[in-house]
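One structure is given here, and the rest of the page talks about it.
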Amino acid sequence: MTAKEQRTAIISLDGLSAGQFKRLLRRLPDLNTLLNDNALLEFEGSPFADAQPIWAEILTGKSWYQNGCSGYAMPGRSLNELRIFTEADLRVPTVLIPEIKEDQCNVFINTPLIEFRPGRKWLSDGSAPSVTAARPGDLAAAEPFKSYNPRPLISMGAAMADPSAAKTFIDSELTRIECASVLCKETNWKLFALRVSIFDQLAHLFGTNYLEQNDLILSAHLAKLLTKLDQILCQIVASASTHLFISAFAHTPCKEVFSINDLLARSNLLTRAEQNTATNDLRQQAYALLKGAKSSAPLASAQSHINTAQTICASPVRGCIYLNAKKFFVDGMIANEKLKHFEQKVTELLKTELSQYAKFTLVSHPAFESTSTIPSLIVDIDGVELIDNLSTVRRNCELPFSVHRSRGFVWSRVRDSGNVKSVQVASLLEEMH
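Converting from the sequence shown to my numbering requires adding 400 to each position, the first position being numbered 1.
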């Protein structure tokens, strides 16, 4: 086995704030005792509040405009064409992932962006464009890995309409941590990355204070999960010399639903295309088939269906605004010399519109080097659910209980003080070795 001093454990509890994690530790007594000298710092993922772009910065140590990831997907040859962003699309190396010897492996469980490659034991996070849940093949053929399902419910929207969703998610998490326990004991690992999803899922289902709601029907199931999680986390940490607990984002109550595309359409910067009824019917049939399938479907977004011949810019990915440039897209309409002009125009429009909100973030590429995959502008509004392809006619009703916010935590034997930014995680781990 690999000597303990060569091992690093990264435990992700995405969805928890620093304050929530303090409360959770009271329900993880063995872990709290084992690591009672750890320091708790706030984590800053701004301008993002979604897993994929934040984890791209964590994995690479480089900002979004350097690593190329700004969302779960990116445009292809057109603003009407999206494809899922994966590890292969990163423009810089994943410095967080160590080199291994022939008899070693790196373990990735539910880690965003990460794909299976030789030398890895890999369990999907359910967002990759593949239905494969575990690899290599011999791993996937054995229990508990054979039963692993990273997305037991096809969408959070479907989950919120399902009264048994919480138990389904908890049961899935129990399988995930059982897989983690086996891999921790039976593989010669150098890096062990485990991402727990249940806290994010429960916040979506019940709001931000679910940990205090002891009268919830799910309390007994949650207590069982936390007992098991306490054991598994102690097992992993005890097997490593360097460890880091992290939450890449937290939750905050949702105040509003906001569509950037609606704003752009009202400002004559975007024109929606007429919907093709036959195409929509086919999509609905495909969705129904996927929902009924035994294996989980890859995460994907519906197309925006904009009229690109009459569109200056659009937001096909949450919070990301792309200029419809001729040099980037086959159906683009903006000439190179007009790009800076339109970026400034859209920036001023957004500054005016977003001034109504108490806290918002608006950033652009620092050198104005946007490409077909890197947006010109990124928007985040605290407490507001940004949507990319729906009308906001339901803005004042049926609001989600909560929405992601770009504030999480880091908990480890860190020497630094203050906030930890996503691009600093890799160097922080290096310092702790």
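We treat Cβ as the ideally placed atom computed from N, Cα and C, and that holds for glycine.
In this text the structure is predicted, and so the values were computed from the model without any measurement.
N-terminal and C-terminal residue of the alpha helix (DSSP H) that residue i is part of
| i | result |
| --- | --- |
| Ile646 | Not the alpha helix (DSSP H): Ile646 falls in the beta strand (DSSP E), residues Thr642 to Ser647. |
| Gly557 | Met556 to Met560 |
| Ser453 | Rather than Ser, the amino acid found at residue 453 in this sequence is Pro. Looking at the DSSP string, the run of the alpha helix (DSSP H) that includes Pro453 is Ala451 to Thr460. |
| Phe871 | Residue 871 cannot be examined here, being either before or after the span of the chain that is shown, 401 to 833. |
| Ala665 | Ile660 to Arg666 |
| Gly537 | Gly537 to Ala540 |
| Ser827 | Val825 to Met832 |
| Leu431 | Pro429 to Leu434 |
Close beta carbons around residue i, own chain, < 6 Å, minus the five adjacent residues each side
| i | result |
| --- | --- |
| His621 | Lys567 and Ile570 |
| Glu785 | Cys654, Val657, Pro800 and Val803 |
| Val596 | Leu413 |
| Arg535 | Phe516 and Trp522 |
| Ala623 | none |
| Ala700 | Per-residue confidence for Ala700 stands at a pLDDT of 38, beneath the threshold of 50, marking its modelled position as unreliable; no derived number is given. |
| Asp757 | Position check: residue 757 holds Tyr in this sequence, whereas Asp was assumed. Same-chain partners within the cutoff: Ile781. |
| Phe421 | Phe809 |
| Leu762 | Leu750 and Val779 |
| Gly419 | none |
Beta-carbon gap between residue i and residue j smaller than 8 Å
| i | j | result |
| --- | --- | --- |
| Ala456 | Leu496 | no |
| Phe645 | Ile787 | no |
| Arg807 | Met832 | no |
| Leu441 | Asn819 | yes |
| Val825 | Ile509 | no |
| Asp662 | Ala449 | no |
| Trp589 | Val492 | no |
| Val746 | Phe443 | no |
| Cys720 | Gly471 | yes |
| Ala673 | His705 | yes |
| Thr730 | Ala473 | What sits at residue 730 in the sequence shown is Val, not Thr. Going by C-beta atoms, Val730 is not nearer than 8 Å to Ala473. |
| Thr494 | Ala640 | no |
| Ile395 | Phe592 | Since the displayed the chain opens at 401 and closes at 833, residue 395 lies outside it and no answer follows. |
Spatial neighbours of residue i in its chain, beta-carbon cut-off 8 Å, leaving aside the 5 residues before and after
| i | result |
| --- | --- |
| Thr575 | Pro544, Ser547, Tyr548 and Asn549 |
Bounding residues of the beta strand (DSSP E) (the contiguous stretch that carries residue i)
| i | result |
| --- | --- |
| Met474 | Ala473 to Pro475 |
| His651 | Ala650 to Pro653 |
| Ser446 | Premise fails: Ser446 is in no beta strand (DSSP E) and is neither H nor E. |
| Ala409 | Thr408 to Ser412 |
| Asn467 | Per DSSP, Asn467 belongs to no beta strand (DSSP E); it is in the alpha helix (DSSP H), Trp464 to Asn467. |
| Asn506 | Cys505 to Ile509 |
| His804 | Ser802 to Arg805 |
| Leu523 | Arg520 to Leu523 |
| Arg483 | Leu482 to Ile484 |
Proximal residues to residue i (C-beta, below 7 Å), its chain only, five neighbours per side dropped
| i | result |
| --- | --- |
| Ser802 | Ala603, His604, Gly607, Thr608, His651, Thr652, Pro653 and Cys654 |
| Leu749 | Ser667 |
| Lys821 | Glu444 |
| Ala559 | Leu553, Ala565 and Leu605 |
| Ile734 | Ile712, Leu723, Asn724, Ala725, Lys726 and Phe742 |
Cβ-heavy atom distance, residue i to the ligand MG, below 7 Å
| i | result |
| --- | --- |
| Arg477 | The ligand content of the structure shown is nil, which means the ligand MG is not present either. |
Counting only runs of 3+ residues fully inside the region 564-623, write out the beta strand (DSSP E) ranges in chain order. Segments of the beta strand (DSSP E) lying fully in the region 564-623: 589-595.
Mind the definition here: the region 480-499 touches the region 427-438 only if three or more C-beta pairs lie below 8 Å; say whether that holds. Segment contact: the region 480-499 against the region 427-438, fewer than three CB-CB distances shorter than 8 Å; contact not assigned.
Whole alpha helix (DSSP H) runs in the region 713-792 with 4 or more residues, listed along the chain? Listed in chain order, the complete alpha helix (DSSP H) runs (minimum 4 residues) inside the region 713-792 are 739-754.
At least 3 beta-carbon pairs within less than 8 Å: the region 550-559 vs the region 577-584: The answer is no - the region 577-584 does not touch the region 550-559, with fewer than three Cβ pairs under 8 Å.
Should the region 466-477 be called in touch with the region 499-506, which here means at least 3 C-beta pairs below 8 Å? These segments do not touch.
Are the region 632-646 and the region 821-832 touching by the rule of at least three beta carbon pairs closer than 8 Å? Yes: the two stretches touch, three or more of their Cβ pairs being nearer than 8 Å.
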